[in-house]
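First comes the structure, then the notes that go with it.
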Amino acid sequence: MALSTQRASASCVLNESAPRWKYDVFLSFRGVDTRKGFVSHLYHELCNRQGITTFMDDRELEGGTSIPSELPSAIYKSQIAIVVLSPNYASSKWCLKELTTILKCMEARNSILPVFYETDPSDVGNQRGCFGEAFSKHEENSSSTEDKEKVVQWKADLKKVSKICGWHYKLSKSESEIIQQLVKSVWRKVQATFPLLDPSQE
4 MALSTQRASA
14 SCVLNESAPR
24 WKYDVFLSFR
34 GVDTRKGFVS
44 HLYHELCNRQ
54 GITTFMDDRE
64 LEGGTSIPSE
74 LPSAIYKSQI
84 AIVVLSPNYA
94 SSKWCLKELT
104 TILKCMEARN
114 SILPVFYETD
124 PSDVGNQRGC
134 FGEAFSKHEE
144 NSSSTEDKEK
154 VVQWKADLKK
164 VSKICGWHYK
174 LSKSESEIIQ
184 QLVKSVWRKV
194 QATFPLLDPS
204 QE
């Protein structure tokens, strides 16, 4: 049975005590690196083929909505976060703020799925290469104590996410393979919120 059909069956037997989420997945990514390629294909596979409710900023936000206030709300209302750590991810302060919120909301329940897209986990965690260059600029532009504390927090957040078992795009055989693996992992987590689903329905 297709995953989207399984989802329909599962929703009919949802336990009243199970968590209720507005979104199954929140996508965190740097648009300049992945919006028109990897993330677009992943979003299509999650939503259009598998029926997994996914928040992607340029598709879900209504015109005129303030992104800084809307995205944290979407994160709080999401069960899972897929974080695509691409070369320019750390150059965006908003991506880093997003990551802080994601870790705060989801780290304890093991709901963060990192994708190291053309990056190395050790470079992400230790801020080397393009991540190191991005943080050099953040530090140069941090004049207040509050700004400096944010930079320290962002470094700690990247260290945390670099240690979470995820997908290394460089080592994957193909884009389609890593996307299929991600979809399966998401579905397992989503399905786990439907404890009364009869295994014979799968």
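Residue numbers for the sequence shown follow the numbering used here, beginning at 4 and rising by one. The beta carbon of each residue, even a glycine, is placed where N, CA and C say it ideally should be. Predicted, not measured: the structure shown is a model, and the values here were computed from it.
Per-residue DSSP class, three states only, for residue i
i       : result
Leu-200 : Since pLDDT at Leu-200 reaches only 45, below the 50 mark, its modelled position is unreliable, and the value read off the structure follows with that caveat. Residue state, collapsed to three classes: coil.
Ala-195 : coil
Phe-134 : helix
Glu-63  : For Glu-63, the predicted model reports a pLDDT of 46, less than 50, meaning its position is unreliable and no value from the coordinates is stated.
Gln-82  : strand
Trp-24  : coil
Val-189 : helix
Gln-184 : helix
Ser-177 : coil
Cys-50  : helix
Lys-158 : helix
Lys-208 : Since the first residue of the chain shown is 4 and the last is 205, residue 208 is not available in this structure.
Cys-15  : For Cys-15, the predicted structure reports a pLDDT of 30, less than 50, and the residue's modelled location is therefore unreliable. A value from the coordinates is still provided. In this structure, Cys-15 counts as coil in the three-state DSSP scheme.
Counterpart residues of residue i in DSSP-defined beta bridges
i       : result
Phe-32  : Answer is none; Phe-32 lacks a bridge partner.
Phe-58  : Phe-29
Trp-170 : Val-118
Leu-88  : Phe-119
Contact under 9 angstroms by Cβ, residue i with residue j
i       : j       : result
Thr-57  : Ile-78  : no
Asn-91  : Val-35  : yes
Phe-119 : Tyr-46  : no
Lys-158 : Gln-130 : yes
Val-87  : Leu-161 : no
Ser-94  : Glu-121 : no
His-44  : Ser-179 : yes
Val-28  : Ile-85  : yes
Leu-116 : Leu-185 : yes
Pro-124 : Lys-166 : yes
His-141 : Lys-100 : no
Contact belief for residue i with residue j at Cβ below 8 angstroms, rounded distance in angstroms
i       : j      : result
Asp-60  : Leu-74 : 6 angstroms
Trp-190 : Ile-55 : 7 angstroms
Lys-80  : Trp-24 : 6 angstroms
Ser-72  : Phe-32 : Incorrect: roughly 20 angstroms between the Cβ atoms, too far for contact.
Kindly provide the ranges of any alpha helix (DSSP H) runs that are 4 or more residues long and lie completely inside the segment 90-153, ordered along the chain. 96-109, 124-129 and 133-143
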